[in-house]
Structures are given as structure tokens and as C-alpha cells.
Amino acid sequence: MRQENVVLKKLHFHEVLVCMLNSLIGRSVGNEMTLVSLPTSIGGYRLIHPILECKEPKFYQFGLYQNSEGKRAIAKQWSGAKKNLNYYWLLNEINAYRGVWYLYKKNPELQKRYPHIHIPKLLAVKRKSDRLIMLLEEVKGKSLETIKIPARVPIYEETVSFFRELGNHLDVSASQMFRKRSAWTTGFLFIAYLGRAILKHPEQLPILMKAAFLFTRLFPKLIRDKDISLVHRDLTPSNIFLQGKEIWIIDLQLLVITHRIFELAALNLKRWKDRHYWHLFQSTQTMKNVLNNPDSFAVYQALTIYLSVLNFVNTYQVSHETVYSYLQYWLQQNRKVDSVTS
Numbered sequence: 002m003r004q005e006n007v008v009l010k011k012l013h014f015h016e017v018l019v020c021m022l023n024s025l026i027g028r029s030v031g032n033e034m035t036l037v038s039l040p041t042s043i044g045g046y047r048l049i050h051p052i053l054e055c056k057e058p059k060f061y062q063f064g065l066y067q068n069s070e071g072k073r074a075i076a077k078q079w080s081g082a083k084k085n086l087n088y089y090w091l092l093n094e095i096n097a098y099r100g101v102w103y104l105y106k107k108n109p110e111l112q113k114r115y116p117h118i119h120i121p122k123l124l125a126v127k128r129k130s131d132r133l134i135m136l137l138e139e140v141k142g143k144s145l146e147t148i149k150i151p152a153r154v155p156i157y158e159e160t161v162s163f164f165r166e167l168g169n170h171l172d173v174s175a176s177q178m179f180r181k182r183s184a185w186t187t188g189f190l191f192i193a194y195l196g197r198a199i200l201k202h203p204e205q206l207p208i209l210m211k212a213a214f215l216f217t218r219l220f221p222k223l224i225r226d227k228d229i230s231l232v233h234r235d236l237t238p239s240n241i242f243l244q245g246k247e248i249w250i251i252d253l254q255l256l257v258i259t260h261r262i263f264e265l266a267a268l269n270l271k272r273w274k275d276r277h278y279w280h281l282f283q284s285t286q287t288m289k290n291v292l293n294n295p296d297s298f299a300v301y302q303a304l305t306i307y308l309s310v311l312n313f314v315n316t317y318q319v320s321h322e323t324v325y326s327y328l329q330y331w332l333q334q335n336r337k338v339d340s341v342t343s
């Protein structure tokens, strides 16, 4: 499918960093989205109608499109006077879809090894001075939220394994399509998020100081960790769809190259309130391999502390009460810390 005004721009760390810092101090420039009309056509598809998720969308607009053959697609549009984090997330998502399909084409064995896992195709991209639009093939089915928890766990395991396998096939060209999140970047952001968390929640100063102390002790392990892969970072049930035995994964806007264990830390934080899921997932071989190895345990604990402090600042899917409980739990898991930091 022809792509219009294809975005080839590389994500520059300093641009994203400025947006992050502006957001952290509460003065993010251009955060308010300017509502503009969705294009009547893009990439050979014509607009059927907008998808109204709420009366005043804060981040993106969505629209349902269809081509002359009756195939449907979903458009995701950012618009605004100045680029903000939402713009860069969408740009990252566009590059991520391109990168995944590049890996598919270069390594056909990937789809043979995971025949039940699918990523939607990027059909078109369009950019103007005040907007960025991505068109994806429509994904139908039921979300993971609709099935019972025991049935979700093996799907999560297979999905995590799938992204790790993708990461094993990264070459120079593919690596340039994905944003990288190094240990040093995580450490810098931890300091920024910690400062913001203290300002927003001064009553939590004792636990935040404990978190900072333990993160500092574990940080050398994070730096030495070489188990790097592609990580989705947002594998919520709403981002995984099922069509019979087929698994469709969407919303790649946070996908980066980073520590493989990041995926597990993010998954478990978001599921912490559901202790049934928690105990089921902790008993999987995937988690046993992490928790029973001193080095991977240290990396997991460091990333868990980082994610907890991040969610003290920005609550997306996790409440502050849940974050506090989760962070408190992991700060008490010190029986292995002396051995892994020695």
C-alpha cells in the first residue's frame, strides 16, 4: 500500500527528553490537542466515520476507513501546534510497526515459529505541519479482558517470548527503526521521576527514600545487564485481541529496545491488585527463571522500583494505592539483595 508523506524522521533523545522534563515539571508545551478533521482519504482508504471514544479526546483521534475492496482500517491522528510526548509516541509507534514488518520480511521463520501471533500492517502514514496520522489494518476479535485469568497467563508468556525472539533478530537496519532505552537513560529518568514524586506526594517521603537507596544499590547490575530485546512495555489486556486461537497485538507506541525483564516488571505491576493472577504468573517458568537467578532478580527489582516511582508521578492504569502496596512489597524483598549486589 502506498504511503503518503512517509515519516522517516529518527527519534532524537534530546527532543523526547525536553518533552519529558516539561511534563514532569507540569509545564508541558502544547499538551492540549487541537481538534482537526480527519482526512477524507488516506492511502486508498476513505473515511467512514470518526471513532468517538469520548467527547473531548485528550491525546489522539481515531477514525474508521474502508477501501474499494471493502477492507477496513483504523486511523490514529495526533494534532497540535507544537510537538509533545504524544506526537513522539505516535512517531515511535509508526517506526515500531515498520521495524516489526521489516524483521518479518527478512526472517520468514519468525512467523512460522509463532504462527498464532499477529501484528497489524501499517497501511499508510501522512504528515502535515499540525498533524501526524497512521493507518493500520483493522483488528477484530475479543480483548484478553473477556477471558478467565488462568487462560491469560500462557498468552502473556507466549507474547513475551515472541518479542524476545524478534529482538534476537535485530540487525543494524532494524535497530535504527526502534528507539533504545539504556540503563543510563532509565537511571536519569528515575532521578527526575523521584523528584516529581516527592513534590506530589511528600507524605510518601520515607518509602521513596528507601526506594532511591535500593535502586542506587541495584543500578550497577542494571548497567551490566546485556539481556536486551524488543519490549512492548504496555501489554495490557486491552492491547491483546483474540480471534479463536489467533493472537493480535496492538498499540506499539511504547515499544523500545531495552532490558528484556522490563516487560515482566510492567506486567506484574499492572496486575498486582489481582492476587489470583499474581500467584499464577509467579509460578510460571518464565518468572522462576528470573527470580531464582541473583543477577536477573536484581535487574527485575531495580526496574520494579523504577516503574513504581514513575506511576507515583503519572497514574495511567495503576492507582497510587496499588503502587504503594507493590513498592512496599518489593522493598521488603531484601533477603537476596546482599547477595546480588556483592
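Taking this note's numbering, the leading residue of the sequence shown gets 2, the next gets one more, and so forth.
For glycine and all other residues, C-beta sits at the position ideal for the given N, C-alpha and C.
Range of the contiguous beta strand (DSSP E) that encloses residue i
i	result
I241	I241 to Q244
W79	R73 to S80
I52	Y46 to I52
E247	E247 to I250
L39	Run containing L39: none; DSSP gives neither H nor E here.
F63	Q62 to Q67
Residue span of the alpha helix (DSSP H) that contains residue i, given as start and end
i	result
D90	The residue asked about is misnamed: residue 90 is Trp in this sequence, not Asp. From DSSP, the alpha helix (DSSP H) with W90 extends over L86 to K107.
F263	I262 to K271
L281	R276 to Q283
L256	Counting along the chain, L256 falls outside any alpha helix (DSSP H), and DSSP gives it neither H nor E.
K113	E110 to R114
Contact under 8 angstroms by Cβ, residue i with residue j
i	j	result
L270	S230	no
T187	L236	no
L124	E110	no
F214	Y307	no
I150	Y327	no
L104	A193	no
K246	H117	yes
A184	D226	yes
A97	L265	no
F242	K122	no
N108	H170	yes
L219	A299	yes
K181	P40	no
R99	M178	yes
Q302	Q329	no
F313	Q244	no
Expected contact under 8 angstroms - CB spacing of residue i and residue j to nearest Å
i	j	result
S297	I262	6 angstroms
E146	S239	6 angstroms
H260	L304	6 angstroms
W249	V101	Their Cβ separation, rounded to whole angstroms, is 13 angstroms, which puts W249 and V101 out of contact at 8 angstroms.
E158	T285	6 angstroms
W90	Q254	4 angstroms
L281	V173	Actually they are not in contact, since the Cβ atoms of L281 and V173 sit about 40 angstroms apart, beyond 8 angstroms.
A82	I43	With a Cβ gap of about 22 angstroms, A82 and I43 do not count as contacting.
Y1	N87	An answer regarding residue 1 cannot be provided, because it is not within the stretch 2 to 343 covered by the chain.
Near the ligand ADP: residue i beta-carbon under 7 angstroms from a heavy atom
i	result
T41	Looking for the ligand ADP in the displayed structure turns up nothing, as the structure carries no ligands at all.
Unbroken stretches of the alpha helix (DSSP H), 4 residues or longer, contained in the region 288-334: Within the region 288-334, the runs of alpha helix (DSSP H) that reach at least 4 residues and sit entirely inside it are, in chain order, 295-314 and 321-332.
The region 292-305 / the region 128-137 touching (three or more Cβ pairs under 8 angstroms): no
Could you name each continuous beta strand (DSSP E) segment of 3 residues or more that falls completely within the region 126-199, going from the start of the chain to the end? 132-138
Ordered list of beta strand (DSSP E) runs contained in the region 198-241, each at least 3 residues: 229-232
Stretch-stretch touch, CB-based, cutoff 8 angstroms, three pairs: the region 185-200 with the region 62-78: no
At least 3 beta-carbon pairs within less than 8 angstroms: the region 69-77 vs the region 164-181: Touching, no.
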